[in-house]
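The numbering of the sequence shown is full-length UniProt numbering, which starts it at 1 and goes up by one. Since the structure comes first, as structure tokens, the remarks are kept for the end.
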Amino acid sequence: MVKFSKQFEGQLIPEWKEAFVDYWQLKKDLKKLHLFNNTNNTPNTSTTSLPKYIFSSLRNYSPFGHQHRQHGPIQVHRKLASSSFNGDMYETELLDQFSDTDATKEFFACLDQQLNKVNKFYRTKEKEFMDRGDSLKKQMEILLVLKSTFKEQQSKAGSSHGSKEDQSISCTFSNEEDSVRSRPQQEELQDTTSTDELERIEAPISDSPGAEELAKSLQMKREDGKFRTLSGRVINCQGKNLRINIPLTTPSRTFSAISYLLREDLLNQSSRKCGPEGGNIHLNKTNLHHAEKMIKGGFIELYKGLGYLKVYRNLNMLAFIKILKKFDKVTEKQILPIYLKVVESSYFNSSDKVVKLADEVEELFIKNFAEDNRRKAMKYLRPSQRKESHAVTFFIGLFTGCFLALLAGYAIMAHVTGLYRPHQNSVYMETVYPVLSMFSLVFLHFFLYGCNILAWRKTRINYSFIFELAPTKELKYRDIFLICTMAMSTVVGVTFLHLTLLTKGSYAKVQDIPGLLLLVVMLDFFMADQLCSQVPMLRSLEYVACYYITGSYKTQDYGYCMRTKHYRDLAYAVSFLPYYWRAMQCTRRWVDEGQTSHLVNLGKYVSAMLAAGAKVAYEKDGSVVWLCVLVIMSSAATMYQLYWDFVKDWGLLQMNSKNPWLRNELMLHRKAIYYFSMGLNLVLRLAWLQTVLHSSFENVDYRVTCLFLASLEVIRRGLWNFFRLENEHLNNAGKFRAVKIVPLPFHEVDEED
1 MVKFSKQFEG QLIPEWKEAF VDYWQLKKDL KKLHLFNNTN NTPNTSTTSL
51 PKYIFSSLRN YSPFGHQHRQ HGPIQVHRKL ASSSFNGDMY ETELLDQFSD
101 TDATKEFFAC LDQQLNKVNK FYRTKEKEFM DRGDSLKKQM EILLVLKSTF
151 KEQQSKAGSS HGSKEDQSIS CTFSNEEDSV RSRPQQEELQ DTTSTDELER
201 IEAPISDSPG AEELAKSLQM KREDGKFRTL SGRVINCQGK NLRINIPLTT
251 PSRTFSAISY LLREDLLNQS SRKCGPEGGN IHLNKTNLHH AEKMIKGGFI
301 ELYKGLGYLK VYRNLNMLAF IKILKKFDKV TEKQILPIYL KVVESSYFNS
351 SDKVVKLADE VEELFIKNFA EDNRRKAMKY LRPSQRKESH AVTFFIGLFT
401 GCFLALLAGY AIMAHVTGLY RPHQNSVYME TVYPVLSMFS LVFLHFFLYG
451 CNILAWRKTR INYSFIFELA PTKELKYRDI FLICTMAMST VVGVTFLHLT
501 LLTKGSYAKV QDIPGLLLLV VMLDFFMADQ LCSQVPMLRS LEYVACYYIT
551 GSYKTQDYGY CMRTKHYRDL AYAVSFLPYY WRAMQCTRRW VDEGQTSHLV
601 NLGKYVSAML AAGAKVAYEK DGSVVWLCVL VIMSSAATMY QLYWDFVKDW
651 GLLQMNSKNP WLRNELMLHR KAIYYFSMGL NLVLRLAWLQ TVLHSSFENV
701 DYRVTCLFLA SLEVIRRGLW NFFRLENEHL NNAGKFRAVK IVPLPFHEVD
751 EED
């Protein structure tokens, strides 16, 4: 049977861990009380001294012969708080024999503190979710009126023109406001949204029966924080100004949004007037679809948060019951019935606002987003986790065995033929080996990502929330291992077949096999930070693409690409590209948020670009001057990167931490792992020294050494990923963020803005 402490730790919301009952501290206090009772042999009431017995007996009776009400061993007092935000406070008074026990006083002081903490946190989160619910309901009212108005105008236009073209709702706007504007938003949204830049697409409405209702529903609250926008024209309709805000969270959405703005400007160009009254602008079906999608996401996140709050209430209630039972067992007193009444009547257990709001959200979601189909709605509100299949484990083992067998056969044949010896077979090493090394690095990276997911799950780091992964679509670590083993079995199998045919003399006929492999196996790398560790893979991809696209594989002229000026220039761009991408991201965040830390982070990637450029130049020229430049730039970049790794990304090296040279909160119990990881990261960051020292394994081609060093960098990135996400998770836990803040589409704009 699983102990309650393990069950409690496994079911609590990780980001809210500090707000839950500190069950472990209460157990420690109870253990102290148990040891105190055992060492002091505390007497029971039958052996109490005569004076104390007489005093307690006289206290229970009044001079008029009426017996006082017996309160029991404790009495819990409820104190009214100074503000409604803090709520009522509880304090336990120890009576009779408990009053002289310091261990008991410590236990009940801690117990009262936990109860007050739980009530305060529950009240805060409840208010936050209630405000979100009110905003979403207003947004839903606006959306329904807009959709109704859109359908009315579409039906009128269809009946008058007989056309099925995408109609739109028209309204006037003022040309004098065609400038980039800012709109207040929640400060918390700045932390959770991956891109703070918003596209402002105006959504006016025309005269309709629902216009008056819409005007009443536009009493939106204004919050703090600022976002820059791509368009900021003020739309006036029925005396109100309305906008649709669509966040640009991915590059593809950014491009689609920009193209959308250009298309809208072209469509509206013909209907705009140049007079002082302004012109027309349109709200089409695409606008409504985006707005509906945002509101739908807001309801899903709200429902998830309400579910978390229910779990919070139930687990804390169960924790109070368990610890009070343990206390009664240790002290042989009946404290549970007395204190449990107080807990049951406290705010976090007696308030029913969360339950009512959850039922209301279900009803609204079923009606507006699921076509009155409850089962369909529950797929979004309560997505079920995919059950892990034993077949996946079986195929992982199968493909792992195939991969190891094929790799062993390939290694033996390569050793016999002497392919990897220096100057033994330059054609094979220049044409086929880059393909093998490229896929090896890619799937090594992917395999380490699977190891990261396994480690994050074991330490209860909420990576799904940080990466904003859909519960029904995210890859589990078993799925990733299956993809890696299957793909690498294919890659090694094809290269083994290619080497077998090559040894039989049919060289010219098998040169297209690596190119076919390149087309079949592809992988979508989505994070710029990961690509910064894959520069050697990108260089190999550049060469292989040039070799096969130019048709050099037909003539076996593997030096053609190296002799081409455009290819050599492209090598610089490939080396710069990942760092440039991250540098532009830092620049954009600095422009959006104005925080200097993003500029400091930008400097790290600029130094990395300079070091990468110096390396490419030294490989091309080989002079002493470029060697000195390489050493200076690489040393500076390494120091910069190490500081950022340890202090910023991992949150370590805190001088005043209770864990020396680490941080206060650690997800791993063994501190030695952090010290070892810091040392390993330092060593792996110095891999660039190989370029200067020209070190290589004996009797092995230098390309094999380069592959080994590139693999070490990928391993370092996998190590970095774990501690980077651990630090991000602790930051979320410090701010109690467990659900996303979804930006809402409709906002009222004041005329003075």
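From the three backbone atoms N, C-alpha and C, an ideal C-beta is built for every residue, glycine too.
Inter-residue CB distance, residue i and residue j (contact presumed, cutoff 8 Å)
{"i": "residue 441", "j": "residue 537", "result": "4 Å"}
{"i": "residue 701", "j": "residue 429", "result": "6 Å"}
{"i": "residue 349", "j": "residue 317", "result": "6 Å"}
{"i": "residue 561", "j": "residue 547", "result": "6 Å"}
{"i": "residue 492", "j": "residue 395", "result": "About 17 Å separates the two Cβ atoms, so there is no contact after all."}
{"i": "residue 496", "j": "residue 410", "result": "5 Å"}
{"i": "residue 725", "j": "residue 549", "result": "Not quite, the Cβ-Cβ distance comes to about 38 Å (not below 8 Å), so this is no contact."}
{"i": "residue 340", "j": "residue 321", "result": "7 Å"}
{"i": "residue 618", "j": "residue 610", "result": "With 8 Å as the limit, residue 618 and residue 610 do not qualify as a contact, their Cβ atoms being about 12 Å apart."}
{"i": "residue 621", "j": "residue 727", "result": "Not a contact, Cβ separation roughly 40 Å."}
{"i": "residue 616", "j": "residue 687", "result": "Not a contact, Cβ separation roughly 16 Å."}
{"i": "residue 26", "j": "residue 111", "result": "7 Å"}
Sub-8 Å separation of residue i and residue j beta-carbons
{"i": "residue 457", "j": "residue 392", "result": "no"}
{"i": "residue 573", "j": "residue 606", "result": "no"}
{"i": "residue 76", "j": "residue 330", "result": "no"}
{"i": "residue 33", "j": "residue 103", "result": "yes"}
{"i": "residue 653", "j": "residue 661", "result": "yes"}
{"i": "residue 129", "j": "residue 30", "result": "no"}
{"i": "residue 718", "j": "residue 451", "result": "yes"}
{"i": "residue 471", "j": "residue 578", "result": "no"}
{"i": "residue 347", "j": "residue 123", "result": "yes"}
{"i": "residue 401", "j": "residue 136", "result": "no"}
{"i": "residue 614", "j": "residue 633", "result": "yes"}
For residue j and residue i, the rounded distance between their alpha carbons
{"i": "residue 594", "j": "residue 141", "result": "35 Å"}
{"i": "residue 345", "j": "residue 120", "result": "14 Å"}
{"i": "residue 44", "j": "residue 336", "result": "Note that residue 44 scores a pLDDT of 46, beneath 50, so its modelled location is shaky and nothing firm can be said."}
{"i": "residue 74", "j": "residue 333", "result": "10 Å"}
{"i": "residue 735", "j": "residue 715", "result": "31 Å"}
{"i": "residue 504", "j": "residue 494", "result": "16 Å"}
{"i": "residue 156", "j": "residue 150", "result": "10 Å"}
{"i": "residue 720", "j": "residue 741", "result": "27 Å"}
{"i": "residue 324", "j": "residue 305", "result": "29 Å"}
{"i": "residue 152", "j": "residue 465", "result": "40 Å"}
{"i": "residue 117", "j": "residue 446", "result": "42 Å"}
{"i": "residue 677", "j": "residue 448", "result": "15 Å"}
{"i": "residue 89", "j": "residue 78", "result": "6 Å"}
{"i": "residue 664", "j": "residue 657", "result": "5 Å"}
{"i": "residue 474", "j": "residue 467", "result": "10 Å"}
{"i": "residue 739", "j": "residue 486", "result": "35 Å"}
{"i": "residue 623", "j": "residue 637", "result": "21 Å"}
{"i": "residue 681", "j": "residue 723", "result": "11 Å"}
{"i": "residue 655", "j": "residue 608", "result": "28 Å"}
{"i": "residue 338", "j": "residue 133", "result": "36 Å"}
{"i": "residue 363", "j": "residue 386", "result": "26 Å"}
{"i": "residue 14", "j": "residue 144", "result": "37 Å"}
{"i": "residue 483", "j": "residue 421", "result": "32 Å"}
{"i": "residue 293", "j": "residue 95", "result": "59 Å"}
{"i": "residue 500", "j": "residue 711", "result": "26 Å"}
Local Cβ density within 10 Å of residue i, reported as buried at 16 or more and exposed below that
{"i": "residue 146", "result": "buried"}
{"i": "residue 755", "result": "Shown here, the chain extends from 1 to 753; a query on residue 755 therefore has no answer."}
{"i": "residue 20", "result": "buried"}
{"i": "residue 390", "result": "exposed"}
{"i": "residue 544", "result": "buried"}
{"i": "residue 284", "result": "buried"}
{"i": "residue 408", "result": "exposed"}
{"i": "residue 683", "result": "exposed"}
{"i": "residue 415", "result": "exposed"}
{"i": "residue 300", "result": "buried"}
{"i": "residue 713", "result": "buried"}
{"i": "residue 114", "result": "buried"}
{"i": "residue 733", "result": "buried"}
{"i": "residue 453", "result": "buried"}
Any non-hydrogen atom of the ligand SAM closer than 7 Å to residue i Cβ
{"i": "residue 112", "result": "What this structure holds is no ligand at all, so the ligand SAM is not there to describe."}
Inside the stretch 393–464 only - alpha helix (DSSP H) runs reaching at least 4 residues | The DSSP assignment places 426–431, 433–458 as complete runs of the alpha helix (DSSP H) inside the stretch 393–464, in order along the chain (cut-off: 4 residues).
Write down every uninterrupted run of the alpha helix (DSSP H) in the stretch 294–373 whose length is 4 residues or greater and which is fully enclosed by it, in chain order.
-> Entirely contained in the stretch 294–373, the alpha helix (DSSP H) runs reaching 4 residues are, in chain order, 336–345, 347–350, 353–369.
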